[in-house]
Each structure stands twice: as C-alpha cells, then as structure tokens.
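These notes are about the structure you will find just below.
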Amino acid sequence: MSHPEDLKSLKPSLYEARKGVYPKAVDGTFRRLKWAIMAITLTIYYVTPWIRWDRGPFAPDQAVLVDLAHRRFYMFSIEIWPHEFYYVAGLLIMAGIGLFLVTSTVGRAWCGYACPQTVWTDLFLHVERFIDGDRNAQIRLKKAPMGATKLGKRTAKYAIWLAIAMATGGAWIFYFADAPTLLRELFTGEAPFVAYATVGVLTATTFIFGGFMREQVCIYMCPWPRIQTALMDEKSLTVTYKDWRGEPRTHGIKKAHAEIADFDKVGDCIDCDQCVSVCPTGIDIREGPQIGCITCALCIDACDKVMTQIGRPRGLIDYVTEESADLEKAGQPPKPVIRTLLRPRTIAYFMLWGSIGLAMLFVLGQRTRIDISALQDRNPLFVRLSDGHIRNSYTVKVRNMENRPREVEIGIEGLPDAIMWTAEGARNTGGRTVRIQTPADAVAKTRIFVAAPAEGEPRQEIFFLVRGLDKTGGADRDNVFFDREARP
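At position 130 of the sequence shown the residue is numbered 404 (our numbering), and the sequence of numbers has no breaks.
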C-alpha cells in the first residue's frame, strides 16, 4: 500500500506522449472516392501553374498567376486589378458559405476528403505502405532494432516524402511567377531569396505535418472541429455506429456464426476492431461522436466488408443523421437522404452562396475595361491668366485594363466655356477634348490644364470623362472641382 507522502511526490503530467497510428489499407466505395478526390486535387495543384493562356503580347501567358510585382491576378480570361479586390473577397465569402453548407449537410466531409492536411497525409500514408508494408508490418518495423533493412526503408521513405514536400513548396511559388522561368532560376541559383525561403518553409511544414504530426494537426491544431458543432444539427449526416444493432458484441467471426441463431441475444458487431485499424486518426467510432472523427468513412468500408463475410446486412457503421438514428432505433424506417440534403437550412445556404456567385458574375460581365481618376493640383490652386481667364491644373490617370494599347479621348463636362489641353500642348491648341495613348494593361498618367472665364461660381463641380476610341469602346467619369477663388 502506498504511503500518502509518496502520492504527494507524484507530479501529474499535463501532456501525453503521442501513440502511433498505423492505418490499415482498405478497399471500398469511400476509399475509391478518396482516391478520386486526391488525384483531382493534387493534379489541380501541381499542374495549374503550367497551363498556358494566350493573352496577347502585352500580358503573361500563364493561365493562373498572382502577379504581385504588377499587382494583378490572372485566372484564364479574367484579370483582377487591385481596385477590384472585392472579387477576391467575394470568392472567400463563397468559400466560407460553401464550407457551412457542406458541414451542415454531411458533417466534416471537407476534413475527410479535400482538406490539404488530409490529402497530403493520405499521400504520405500510401508511400509508407509501399515502403514499409501494411499496418502489422509497420508496427513490427517500428519495434525492430535499427539495422540495414530498417535503415534502408527509413531512408527510402523519407527521401520520397522529402521529394513530395519539395514539389509541394515549389508548386506553390509557381503561382506567383512565370513557372518555366522560375523553375530554371531555382536550379541556376538566380531566383530571389524569398522564393528559396518559401520553398524551404513549405517543404518543412509538408514533411512534418504529413509525415509525423498527421492526426495531431486535425485533433489539436485545427480550429474547425471546434467550430463545426455550431453548424451541425440533428439533420446533419455523420459517420455513426449503430449501437442498437451492434450491441452486445460477439468476439470473432466463428463465434458470430455459432450464435447466428441467437440474433435477439447478440449484436452484429464482432469486435474485430477493423474500424479502428483503418482510421487515419486512430479513434474508435463505436465510442460515439468525437473530435478526432474526420468523417472519411473508411470505417464504413471496413465494417461493410466484415458484415458481408459474416452474412449480416451492411451499414452497421454508416452515414446517418441523429434524427434517422432515433427512428431506426425505434424500429421505424429512416428519412430519405434527399430530405436530409434538401431542407430549409441547406437550401438557404445554397441560395445565399448562389446569389453571391451570380452577383459577382453579373458585375464581372458589366465592368468596363477603362476608367479615369482625376486629382486637382493644390499648389497653386488656380492661376489667373493675362486675359483674365482662370486656369486650374489636374493630374489625370486613365487605367487601360485591356491587353493592348488603346487611344482614348478625355473630355470635360459641367463647365460650358472651358477649354483643356495637356502639358505637352498649348492653350491655343486646346479644345473640349484631348486624346492620349494608353499602354496595354497599364495606367497612363497625364497633366491637363483647364481654363474658363473668371465669371462664375467660386467653386464649381466638373467631370472628366474618358471613352475608348477602338471597337471595344467603354467609358468612365470622375468628378473634381474648378476653383476661381482661394479658400481659407
């Protein structure tokens, strides 16, 4: 018997050492779905920077490019300028609402299928199985002393992981510069330091998160499991163990067959732990909903296979709503899945998501590819000319968002007797409009003088107007003031 003083000397630990998780390979509907989603998402990520898109001789030909140097975002035929950042904000809002929609409908399906942490961890797991073998072989190798075989396998596995991690970091920076050019510069040492630093950081995080931390990222680091509880309700589909059907458990297939006549006394679960063995986070779904479940449904595939082997119906573990689970437990048929998917909450999310998308498409289709901004010079505010007229000067910027040079015409409105001319011209050549050339995909800056009779309001609002003179056309306007008197 321990002495009380001995118990006082024991300091409780606030940390628990990580228990290794060695997911077993499984085949089934949801495993094949994960394969498909992983292939699609990785292909999109790695291949997209290499897709070419012809925008003419004055713009980059990379299909998707975040051009920070020139403050542009290109996505195929769409070009976003800094003043149009609301499109990016709209996409982020749509992504958030889409995540709400998915979570309220099918729980953490994003976590189980498309989250980058899940996708890369899954890829690393397949590499690990290829090198080390399946679950049991990995456990034996873990316990084995370091020798030539173990060292060789560890070296090969880590080398492949590192190659994948470097490819991941490299692919990311290709979105911010011309991919072929940057790839050549990376290997010749001509790339900027920030490129090497970014590749290094992303290589390290991918290698560590995908190879070693894995389920710890999902359980301890990611905030989404804590947020999802506010988005799910009794009508949300989640991976559920049907305890009313599985309990009490038998132990092993032979015993299940031996007791097949006693269906009323035993449940369908044979306590084979296959659902635990295939789980990438190492949880036991039979213990009920928990933060470690990412809804990947691999336990469903494993359990369905066992149910087939012992001649029991599939679905002991399945996607089920809490509402349908209560109905099944009471012996009633569950609600159709379509009614789960189409309910007021999900329809509201979808309509909001779709409305934002349609609004962005409408604004995108209606936007002009030319605009103007004018700023009045403040020092001096005005100049009185020899004939008594008042002259104001303005800095006018015309933004040409087309991928070719354009000639535009700038006019003035709101000052009937005024004339205007550029700094390169003269007053005697002035008129109601001036024409300038704007370079492709750039802002043309010019200084314009406006002269008007001294009679009139001390401060008068006027408008500069711009219109394209080519077949594309387009027009815009900006308001400024014309001053005849000094202001205090």
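We put the beta carbon where it would ideally sit given N, CA and C, even for glycine.
Host alpha helix (DSSP H) of residue i (start-end)
i	result
Asn666	Taken as a continuous stretch (DSSP letters only), Asn666 belongs to no alpha helix (DSSP H), being part of the beta strand (DSSP E) at 664-674.
Thr477	467-482
Ser629	618-640
Val380	360-380
Glu353	Element bounds for Glu353: not the alpha helix (DSSP H) but the beta strand (DSSP E), 352-354.
Asp600	596-603
Val340	Not the alpha helix (DSSP H): Val340 falls in the beta strand (DSSP E), residues 338-341.
Arg403	390-406
Met312	303-321
Val611	611-615
Glu459	453-462
Rounded C-alpha distance that separates residue i from residue j
i	j	result
Glu402	Ile434	9 Å
Ser667	Phe359	31 Å
Met275	Ala430	Its pLDDT being 45, under 50, Met275 is placed unreliably by the model, and the measurement read from it follows with that caveat. Approximately 51 Å between the Cα atoms of the pair.
Thr746	Ile644	10 Å
Arg329	His663	47 Å
Arg678	Pro334	12 Å
Leu281	Lys293	Low local confidence applies: a pLDDT of 47 at Leu281 is under 50, so the model's placement there is unreliable, with the coordinate-based value given in what follows. Spanning the two alpha carbons is a distance of roughly 26 Å.
His357	Asp752	15 Å
Met581	Val540	14 Å
Pro499	Ile565	6 Å
Thr472	Ile447	7 Å
Lys241	Leu616	Residue 241 lies beyond the range of the chain shown here (275 to 762); nothing can be said about it.
Val340	Ile325	14 Å
Thr620	Val611	13 Å
Asn489	Cys496	As written in the sequence, residue 489 is Glu, which differs from the Asn given in the question. Cα-Cα distance, rounded: 10 Å.
Tyr361	Cys573	40 Å
Arg680	Lys308	50 Å
Glu698	Ile710	11 Å
Asp396	Cys543	27 Å
Leu365	Tyr432	37 Å
Lys424	Asp408	15 Å
Asn674	Ile736	22 Å
For residue i, the first and last residue of its enclosing beta strand (DSSP E)
i	result
Val295	Where Val295 is concerned, there is no enclosing beta strand (DSSP E), given that its DSSP letter is neither H nor E.
Ala441	Taken as a continuous stretch (DSSP letters only), Ala441 belongs to no beta strand (DSSP E), being part of the alpha helix (DSSP H) at 422-447.
Thr503	That residue, Thr503, is in no beta strand (DSSP E); it is neither H nor E in DSSP.
Asn753	749-757
Ile686	680-687
Val348	The sequence given here places Tyr at residue 348; Val does not occur at that position. Start and end: 346-349.
Ala648	644-650
Same chain only: Cβ atoms within 6 Å of residue i, ignoring 5 sequence neighbours per side
i	result
Val491	Gln391, Phe483
Glu676	Arg643
Pro849	As shown, the chain starts at 275 and ends at 762. That puts residue 849 outside it, with no answer to give.
Sequence-distant residues of the same chain with beta carbon closer than 7 Å to residue i, five excluded per side
i	result
Asp730	Before going on, a small fix: residue 730 reads as Gly here, not Asp. If we look at Gly730 and ignore the five residues flanking it on each side, its Cβ neighbours are Arg758.
Pro452	For clarity, residue 452 is Asp in the given sequence; the question names Pro instead. Only Pro334, Gln336 meet the Cβ criterion.
Leu456	Ile447, Phe448, Ala465, Ala469
Trp627	Met368, Ile371, Gly372, Leu375
Thr614	Lys509, Leu511, Thr595
Met312	Val393, Asp396, Leu397
Residues near residue i in its chain [Cβ-Cβ closer than 8 Å; skip 5 each side]
i	result
Ala445	Tyr319, Tyr320, Pro323
Trp518	Glu602, Lys603
Asp691	Ala726, Pro727
Leu342	Phe450
For residue i, the residue or residues it bridges with in DSSP
i	result
Arg326	Gln336
Val657	Arg665
Residue ranges of each alpha helix (DSSP H) run of no fewer than 4 residues wholly in the region 505-592, ordered along the chain? 517-520, 527-532, 548-551, 572-583
Could I get the ranges of all uninterrupted beta strand (DSSP E) runs contained in the region 687-747, with 3 residues as the minimum, in chain order? 693-696, 707-712, 716-726, 733-742
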